[in-house]
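The opening residue of the sequence shown carries number 638 in my numbering; numbering runs sequentially from there.
Shown next, in structure tokens, is the structure this report addresses.
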Amino acid sequence: SEFSFEQYTNNDDPNNPWNLASTYKQIFENGTINPNPYIEQPDGNTNMFVNFKTAIFAMYLFLAGDSSVLSNWPYINNPSLAILIVLFSLLIVVYLMNLFIGLLNNAIEKDNDRVSYLVQKAEILAEIELFYLLPHQRRWETWFPEVIHYSADVDKIREKINEMMNKNEWDINDESRKNLMKKLNILSYYK
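Below, the structure written as structure tokens:
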């Protein structure tokens, strides 16, 4: 129906902002109520569903947790509105939570790699050594030994070397490679 925010419109339309606006009644000293109420002049926020743009904004506010845009209609007289609010809340919460859990799972799988962890750790240590240590601190052998011993599982090393040899990723013929393969007892498999 047609209405104006400046001119009072009297009709039975439940969405008319003049019907949704707050009314105030005067009570006389003898206890009688003045039959002519004072009506607060409505504005664009009285019924945000009059305009498509404000309706989209009202749904955004509702999604953010502000349900005041729907407080102009009593839920007792509009059970369908109450049902839609409950369904909207449950479905959006379940959908968004599953979406965020899936996105987080993908991000964790991508970054949950031991190699990327070690590379990041090495980058951080290199940055600390370069920028936060004084030159005499960099020469301390207790902090920076010439040889670093690393413990590793022999079976995993054999698997990794076999994988690298099969993919031709390790084709250097040097003495350290031969010594490593000899110590791991895999020299007989490769020439």
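By construction, the Cβ of each residue, glycine as well, lies at the ideal position given by its N, Cα and C atoms.
In this text, all values refer to a predicted model and were calculated from it rather than measured experimentally.
Asked                                                                                                                                              : Found
By DSSP, does Ile720 sit in helix, in strand, or in coil?                                                                                          : helix
Starting from Glu666, trace the alpha helix (DSSP H) in both directions and tell me its first and last residue.                                    : That residue, Glu666, is in no alpha helix (DSSP H); it is neither H nor E in DSSP.
What are the boundary residues of the alpha helix (DSSP H) that includes Val791?                                                                   : 791 to 803
DSSP puts Tyr675 in a beta bridge; with which residues?                                                                                            : Tyr661
Would you give the residue range spanned by the alpha helix (DSSP H) that Phe689 belongs to?                                                       : 689 to 700
Would you mind stating whether Val845 and Ala695 have Cβ atoms separated by less than 8 Å?                                                         : Outside the modelled stretch of the chain, which goes from 638 to 828, sits residue 845, for which no answer is possible.
Count the other CB atoms within 10 Å of the CB of Met685; is the residue buried (16 or more) or exposed (fewer)?                                   : buried
Quick check on the burial criterion: 16 or more other C-beta atoms within 10 angstroms. Buried or exposed for Lys828?                              : Only weak support is given to the placement of Lys828: the predicted model assigns it a pLDDT of 49, under 50, and the question is left unresolved by the model.
Using the Cα positions of His786 and Met734, report the straight-line distance between them to the nearest angstrom.                               : 46 Å
Select from Thr691, Asn714, Ile798 the residue whose C-alpha is nearest the C-alpha of Asp790.                                                     : Ile798
Rounding to the nearest angstrom, what Cα-Cα distance links Asn671 and Ser717 in this structure?                                                   : 34 Å
Would you call the CB atoms of Leu821 and Arg795 closer than 8 Å?                                                                                  : yes
Can you give me the C-alpha to C-alpha distance between Leu727 and Asn742, rounded to a whole angstrom?                                            : 22 Å
Which residues in the same chain have their Cβ closer than 8 Å to the Cβ of Trp780, if we skip the five residues on either side of it in sequence? : Gln774
Let's test the definition: count the other Cβ atoms within 10 Å of the Cβ of Asn709 and tell me whether it reaches 16, buried, or not, exposed.    : buried
Mapping DSSP to helix, strand and coil, what is Pro782?                                                                                            : coil
Please report the residue range of the alpha helix (DSSP H) in which Tyr754 lies.                                                                  : 751 to 768
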